[in-house]
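What follows is one structure encoded as structure tokens, with my remarks underneath.
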Amino acid sequence: MAYHADAVMLWCFDARFSVALDSLIKKKKLKMPDIIKVAGGAKDIKHPYLLSQIEKSFRLHHPKEIYLMVHEKCGAYGGRAYDQKKELARSGKILESFLKKKGIRAKIHKVFERLPR
Ligand SMILES: [Zn+2]
Numbered sequence: 114m115a116y117h118a119d120a121v122m123l124w125c126f127d128a129r130f131s132v133a134l135d136s137l138i139k140k141k142k143l144k145m146p147d148i149i150k151v152a153g154g155a156k157d158i159k160h161p162y163l164l165s166q167i168e169k170s171f172r173l174h175h176p177k178e179i180y181l182m183v184h185e186k187c188g189a190y191g192g193r194a195y196d197q198k199k200e201l202a203r204s205g206k207i208l209e210s211f212l213k214k215k216g217i218r219a220k221i222h223k224v225f226e227r228l229p230r
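Set out below in structure tokens:
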């Protein structure tokens, strides 16, 4: 049975950020979000597998929003520091052009998470 998802969320699989994901879903009152959890979150968005997952979410559940997440001290970056704003801008641009090509309209939200203190 198809259902409607309010959003699709690309999140890092790092379990320390599961609470932040749950809080964001609650705060934004997102119903039935499609959650794609992979190492690095939005880091490898240009990978065809990730883009196809996002496309499937749109085809099956017609979300209106996408959340792209990266976080500090992410193991997927090999522990090196990176510019989170640049990373989110880069992944947002890749996603934007992919959606445009596919004729999908959605609002892109960029999320940077800090480690829980
Ligand atoms: Zn991570």
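In terms of the working numbering, the sequence shown opens at residue 114 and continues consecutively. We put the CB at the ideal spot given by N, CA and C, even for glycine.
1) The beta strand (DSSP E) that contains Asp147, what's its start and end?
2) Out of Met145, Gly153, Gly192, which one is the CA nearest neighbour of Phe171?
3) Please report the distance separating the alpha-carbon of Arg218 from that of Arg193.
4) Can you tell me which of Ile167, Gly205, Val132 puts its alpha carbon nearest to the alpha carbon of Pro229?
5) Quick one: give me the first and last residue of the alpha helix (DSSP H) that Lys223 is part of.
6) Should the stretch 138 to 154 be regarded as contacting the stretch 169 to 189, the criterion being three or more beta carbon pairs within less than 8 Å?
On the basis of the supplied data:
1) Position 34 of the sequence shown holds residue 147. 147 to 151 is the extent of the beta strand (DSSP E) around Asp147.
2) Residue mapping note: residue 171 aligns to position 58 of the sequence shown, counting from 1. It is Met145 whose Cα lies nearest to the Cα of Phe171.
3) Here residue 218 corresponds to residue number 105 of the sequence shown, with the count starting at 1. Here residue 193 corresponds to residue number 80 of the sequence shown, with the count starting at 1. Rounded to whole angstroms, Arg218 to Arg193 spans 34 Å at the Cα level.
4) As a working mapping, residue 229 is identified with position 116 in the sequence shown. Comparing Cα positions, the closest option is Val132.
5) Taking the first residue of the sequence shown as position 1, residue 223 is located at position 110. Per DSSP, Lys223 belongs to no alpha helix (DSSP H); it is in the beta strand (DSSP E), 220 to 226.
6) Touching, yes, given that three or more Cβ pairs across the two stretches are closer than 8 Å.
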